[in-house]
Amino acid sequence: MIGLFLAAAAIQLPVETDKTSRQVTRRSPTISRENITAAVVDLWIDPDGWVIECKLSRFLGTEQIAVETCGAAAGAKLQPARDASGNAVYGFYRTGILAFPPGWEPVASQMSRNLKMLDRHVDLVISLNAIPDDLASGRLLPLNLVIDQSGTVVACEPGEGANPNWWSVACEQATQAEWDRRTSLSGTPVNYVRNIVVEFQVGD
Numbered sequence: 030m031i032g033l034f035l036a037a038a039a040i041q042l043p044v045e046t047d048k049t050s051r052q053v054t055r056r057s058p059t060i061s062r063e064n065i066t067a068a069v070v071d072l073w074i075d076p077d078g079w080v081i082e083c084k085l086s087r088f089l090g091t092e093q094i095a096v097e098t099c100g101a102a103a104g105a106k107l108q109p110a111r112d113a114s115g116n117a118v119y120g121f122y123r124t125g126i127l128a129f130p131p132g133w134e135p136v137a138s139q140m141s142r143n144l145k146m147l148d149r150h151v152d153l154v155i156s157l158n159a160i161p162d163d164l165a166s167g168r169l170l171p172l173n174l175v176i177d178q179s180g181t182v183v184a185c186e187p188g189e190g191a192n193p194n195w196w197s198v199a200c201e202q203a204t205q206a207e208w209d210r211r212t213s214l215s216g217t218p219v220n221y222v223r224n225i226v227v228e229f230q231v232g233d
């Protein structure tokens, strides 16, 4: 079990390039300042880095603009996800997208930050008898997982900014949870990388 927990950064999430950012972020004069939109989306990305599916999770602004921007993200190309051995694999990647008129990027960026504060999407909750001091300032912990064709975690590592004292606890719980089984466009079960957020809270 310990072998699943990787202290060094070996799992690689899909990486947006400058070109990708231009593809998934809409700067268009046809978007009015009243329609500035920020959205959280889930991208399904093949081992070549192509976005083959975009699903809208949550948005601030105009729903139609969010849907159109998510649709436009399909077909963008990222650097692909890689498993713990460095192999390119499918990636399930939650990220943010923006749509705004030229010159209004600061407003859109602030809207994106507001959305992240409101969204607080949590994939796994870990209950503790009390919150220890080293978690008091941040109960959310990001993890990067490799999930096999059966929905089982086969590798886990801390995401960016994860609490160094608690990520292994979070990984242990993540390996005991069941995750989605995902397939290629042809319906073949595949291994994939995904990012999740774990929350520590007081409870039973």
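Read in order, the letters of the sequence shown are residues 30 to 233 in my numbering. In this text, a Cβ means the ideal position worked out from N, Cα and C, and glycines have one as well.
- Could you please give the first and the last residue of the uninterrupted beta strand (DSSP E) stretch that includes V198? As a working note, residue 198 is residue 169 in the sequence shown. Segment 196–205 is the alpha helix (DSSP H) holding V198; no beta strand (DSSP E) there.
- Beta-carbon separation (whole angstroms), V226 vs V136, contact threshold 8 Å: If you number the sequence shown from 1, residue 226 lands on position 197. If you number the sequence shown from 1, residue 136 lands on position 107. V226 to V136, Cβ: 26 Å. No contact.
- Query: In the DSSP assignment, what are the bridge partners of I155?
  - Reply: Taking the sequence shown and counting its residues from 1, one reaches residue 155 at position 126. I155 is bridged to F229.
- Message: Using a Cβ distance threshold of 8 Å, determine whether the segment 199–213 contacts the segment 174–183, with at least three qualifying pairs required.
- Response: yes
- Report the rounded CA-to-CA distance for R111 versus G216, giving the unit in angstroms. Position 82 of the sequence shown holds residue 111. Position 187 of the sequence shown holds residue 216. Answer to the nearest angstrom: the Cα atoms are 21 Å apart.
- Query: Which first and last residues belong to the beta strand (DSSP E) in which G100 is found?
  - Reply: In the sequence shown, residue 100 corresponds to position 71, counting from 1. Run containing G100: none in the beta strand (DSSP E); it sits in the alpha helix (DSSP H), 92–102.
- Message: Taking a contact to mean a Cβ-Cβ separation below 7 Å, would you say A95 touches S141 in this structure?
- Response: As a working mapping, residue 95 is identified with position 66 in the sequence shown. As a working mapping, residue 141 is identified with position 112 in the sequence shown. Not a contact, by the Cβ cut-off of 7 Å.
- Query: DSSP three-state call for K177: helix, strand or coil?
  - Reply: As a working note, residue 177 is residue 148 in the sequence shown. One detail in the question is off: residue 177 reads as Asp in this sequence, not Lys. Coil at D177, not helix or strand.
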